[in-house]
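Engineer: Structure incoming, see below.
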Amino acid sequence: MDTINIHEAKTHLSRLVEEVAAGNEVIIAKNGVPRARLVPLEGARKLKFGVLKGKIRYPDDFDAPLPARVLALFEGRRTK
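Each number in this note's numbering comes from the position in the sequence shown (counting from 1) with 78 added on.
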């Protein structure tokens, strides 16, 4: 884990982002006092589109109108 001062962080931000993306942590200090920590995002690279394709099913009438009683409950109206 590297510690750098704020001025250096401003000057080399792109390099720091790449270093952190590679899995390293960087501490940013002001006058030698740690103020912030740059860490890699967890799971940011693990996103896979389509991973649930074919695993989620919904009924054919999913978007059919609701029964009057259920609709009334959603709208906050009392039913008999």
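Don't be surprised by glycine CBs; every beta carbon is placed ideally from N, CA and C.
Since the structure is predicted, the reported quantities are computational estimates derived from the model, not experimental observations.
Which value, in whole angstroms, describes the spacing of the CA atoms of Phe127 and Ile134?
Structural biologist: If I take the Cα positions, the gap works out to 14 Å.
Engineer: Can you list, in chain order, the residues of its chain whose CB lies under 7 Å from that of Tyr136, leaving out five sequence neighbours each side?
Structural biologist: If we look at Tyr136 and ignore the five residues flanking it on each side, it has no Cβ neighbours.
Engineer: With a cut-off of 8 Å on the beta carbons, I'd call Val98 and Val111 a contact; round off their distance for me.
Structural biologist: Not a contact, Cβ separation roughly 21 Å.
Engineer: Determine the burial state of Leu94: buried for a count of at least 16 other Cβ atoms within 10 Å of its Cβ, exposed for fewer.
Structural biologist: Buried.
Engineer: Tell me which residues share the same chain as Thr157 and place their Cβ nearer than 7 Å to its Cβ, disregarding the 5 neighbours each side in the sequence.
Structural biologist: Cβ within range, chain order: Arg147, Ala150 and Leu151.
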